[in-house]
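Asks:
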Amino acid sequence: MPTSTIDSFNFHPGRIVARKYVIERFLGAGWEAEVYLVRECATGIERTAKFFFPQRNIKDKSLKFYARKLHKLRRCPIVIQYSTQDSIIYKKHSISFLVSEFVEGELLTEHLKRQSGKRLHPFQALHLLYALAKGIECIHSVGEYHGDLHSDNIIVQSVGLGYNLKIIDMFQWIDTPGSNIKSDVMDLIRIFYDALGGQKHYAKQPPEIKAICCGLKHSLALKKFNSAGKLRRYIEDMQWDKL
Ligand SMILES: Nc1ncnc2c1ncn2[C@@H]1O[C@H](COP(=O)(O)OP(=O)(O)O)[C@@H](O)[C@H]1O
Ligand SMILES: [Mg+2]
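Counted the way this note's numbering counts, the sequence shown spans residues 154 to 396.
1. When the Cα atoms are used, what is the spatial distance from Ala278 to Phe345?
2. Comparing the CB of Ala186 with every heavy atom of ligand 1, is any distance shorter than 7 Å?
3. According to DSSP, is Leu302 part of a helix, a strand, or is it coil?
4. Apart from the five residues on each side of it in sequence, which residues of its chain come closer than 6 Å, Cβ to Cβ, to Pro155?
5. Return the bridge partner residues of Ala195 from the DSSP annotation.
6. State the CB to CB distance for the pair Leu282 and Leu369, rounded to an integer number of angstroms; the pair is presumed to be in contact (CB under 8 Å).
7. Please classify Ile169: is it buried, with 16 or more other beta-carbons within 10 angstroms of its beta-carbon, or exposed?
8. If you drop the 5 nearest sequence neighbours on each side, which residues of the same chain put their C-beta closer than 7 Å to that of His354?
9. What residues does ligand 2 have around it, judged by CB closer than 5 Å to any heavy atom, in chain order?
10. Taking Cβ to Cβ, would you say Leu285 is nearer than 8 Å to Leu314?
11. Using 10 angstroms around the beta-carbon of Pro207, count the other beta-carbons present and answer buried if the total reaches 16, otherwise exposed.
12. Going by alpha carbons, who is nearest to Thr386 out of Leu373, Thr158 and Lys287?
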C-alpha cells in the first residue's frame, strides 16, 4: 500500500461506494476524516458515513475505537447510533468508513453564529449547558468520557424549551478515565463560556453564571463539579431569580 497522505476524498453526489451506498452530499470534515450523507441503496435509508484518512487510522485503530465506544454508549440518548463499517479502495489505498445514524440539525458552531450578537442569553446558555451535562452524565456514569467536546462535535437537532443535542466524534486519550472525565467537565464549561460571548462579555455576566464558569479556573471549577452529573444537579438546584 502507498504511504502518501490523503486529506480529502471529494466524493461527488451520485457516486456508489462499496456497492451499497450512494453519496448524497458532503457534511463536513475534521482532523481524521471526511463525513458524507449517504443513502443505503437496498433500503433508501439515510445514513452518515465517516471516511477515515488512512494516515489517521493506522490498522483501523481510530475506526475500531470509535465503533466500540459508540456501541458501548448506545443507550445514551446524546450519542449517535453506530450502524456498521466497511472499506473501499481509493487511489490504491484501502479506506475504511464507519456508518452511523444521520443526525439532522446544525453544528453548535453554526447555531451560535446565527444568534444576535453571536451569543446566547444567559438563560438560554444554561439550557444548552444543562442538555450537555445531562447527556454527558450518561457517558460518565459508565466510567467513559467523550474526550473531544467542542462546538464542531455537537449537533443541535432542535431548540424548543430546551436543547435537543447529539454529540459526534470521540477521542482516545492515554490518561486515566478520572482525568478524562474532568477534562470533559472543563470542556463543557468552556463551551458555556464561549456561548455566552467569551472573555469580551464575561465581566458583565450575572454572579450565577460566574459561579459556574469559575473564570475557567480548573481547580475551582473541578472542586465544584467533578463530573457532568454534578454539574447537571447544580443547574437543577440553582436559583434563577437574578437572571
Ligand atoms: N452524524 C452526522 N450528521 C451530520 N453531520 C455530521 C455527522 N457526523 C459528522 N458530521 C460533520 O462532519 C464533521 C467531521 O466529523 P467528525 O466525526 O467530527 O470527524 P473528525 O474526527 O475528523 O473531526 C463534523 O464536524 C460535522 O460537520
Ligand atoms: Mg470532529
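Where a beta carbon is used, it is the ideal one built from N, C-alpha and C, also for glycine.
Replies: By the coordinates alone:
1. Counted from its first residue, the sequence shown places residue 278 at position 125. Counted from its first residue, the sequence shown places residue 345 at position 192. Taking the straight line joining both Cα atoms gives about 6 Å.
2. What you label residue 186 is simply residue 33 of the sequence shown in a count that begins at 1. At least one heavy atom of ligand 1 is nearer than 7 Å to the Cβ of Ala186, so yes.
3. Taking the sequence shown and counting its residues from 1, the one referred to as residue 302 is at position 149. The answer is coil: DSSP assigns Leu302 none of H, G, I, E or B.
4. By one-based count along the sequence shown, residue 155 stands at place 2. Bear in mind that the predicted position of Pro155 carries a pLDDT of just 49, short of 50, making it too unreliable to give a figure here.
5. For this step, residue 195 is matched to residue 42 along the sequence shown. Per DSSP, none; premise fails for Ala195.
6. Here residue 282 refers to the residue found at position 129 of the sequence shown. Here residue 369 refers to the residue found at position 216 of the sequence shown. About 14 Å; that fails the 8 Å criterion.
7. Your numbering for residue 169 matches position 16 in the sequence shown. Under this definition Ile169 is an exposed residue.
8. Residue 354 sits at position 201 when you count from the first residue of the sequence shown. For His354, where only same-chain residues beyond five positions count, the Cβ hits under 7 Å are Arg272.
9. Gly183, Asn306 and Asp322
10. Here the question's residue 285 lines up with position 132 in the sequence shown. Here the question's residue 314 lines up with position 161 in the sequence shown. Not closer than 8 Å, so no.
11. As a first step, residue 207 is located in the sequence shown; it is residue number 54 there, counting from the start. It counts as buried.
12. Numbered from its first residue, the sequence shown carries residue 386 at position 233. First, the residue type needs correcting, since residue 386 is Arg and not Thr in the sequence shown. Ranking the options by Cα distance to Arg386, first place goes to Lys287.
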